[in-house]
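Below you'll find the structure, written out as structure tokens, and then a few comments.
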Amino acid sequence: MKRILGLIVFVSFQSIGADIYSIDVFVNHEQASRVKNCHDNCQIYDLDSTEVLLNSFFGELPSDIDDAYSVVEKKLNLPEWKTHEAQIIEAQKTITKAFYLGVKKYPAIVINEKNVIYGITDVARAVNDFMSNEDKR
């Protein structure tokens, strides 16, 4: 029922003429699974993805700095490093985008790359809040 309601809200804002061309949802890794009603022009960004990728590739490093350096050096020379490196570079773009859009905390939903709603992961609710504020202007 909630999913249908979210879809109705999402479709209705498009049909009444609200100019929403992009919705960006910024969350940490744990919040990503709690994002609701993210459809069509909505994109979810996991701000922890860089750390998750680094941990999955390097694992737990030794506490001794020389040993840790040796482990990292060996892993950087593995053929699969290039794939991980590309994924990490892509994940860093998430942080850059959040910074560019002025996101100061998460969860955050950014509508049209300028209207930020903090503290929720329900896109339909964020759109509702956005539309309510637009009506007051």
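The sequence shown begins at 167 in the working numbering and counts up by one. Glycine residues also receive a C-beta, built at the ideal position from the N, C-alpha and C atoms.
Between the stretch 196-216 and the stretch 258-276 there are three or more inter-stretch CB-CB distances shorter than 8 Å, so the stretches are counted as touching. Per the coordinates, the alpha-carbon of Asn281 lies some 20 Å from the alpha-carbon of Asn194. The stretch 237-254 makes no contact with the stretch 266-283: fewer than 3 CB pairs, one atom from each, lie closer than 8 Å. Counting along the chain, the unbroken beta strand (DSSP E) around Asn281 starts and ends at Asn281 to Tyr284.
Between the alpha carbons of Ile186 and Asn278 lies a distance of about 6 Å. Under the DSSP assignment, Gln197 falls outside any alpha helix (DSSP H); it carries neither an H nor an E label. Looking at the backbone, the Cα of Val201 and that of Glu239 are separated by about 38 Å. Distance between Leu242 and Asp233, taken at the CA atoms: about 14 Å.
With distances taken between CA atoms, Val289 lies nearest to Cys208 out of Cys208, Ser298 and Leu220.
Distance from the CA atom of Pro228 to the CA atom of Leu244, rounded to whole angstroms, is 19 Å. The C-alpha of Ile286 lies about 43 Å from the C-alpha of Ser236. Counted as a single uninterrupted DSSP element, the stretch harbouring Ile186 is not any beta strand (DSSP E), since DSSP gives it neither H nor E. Beta-bridge annotation (DSSP): Gln209 is paired with Asp190.
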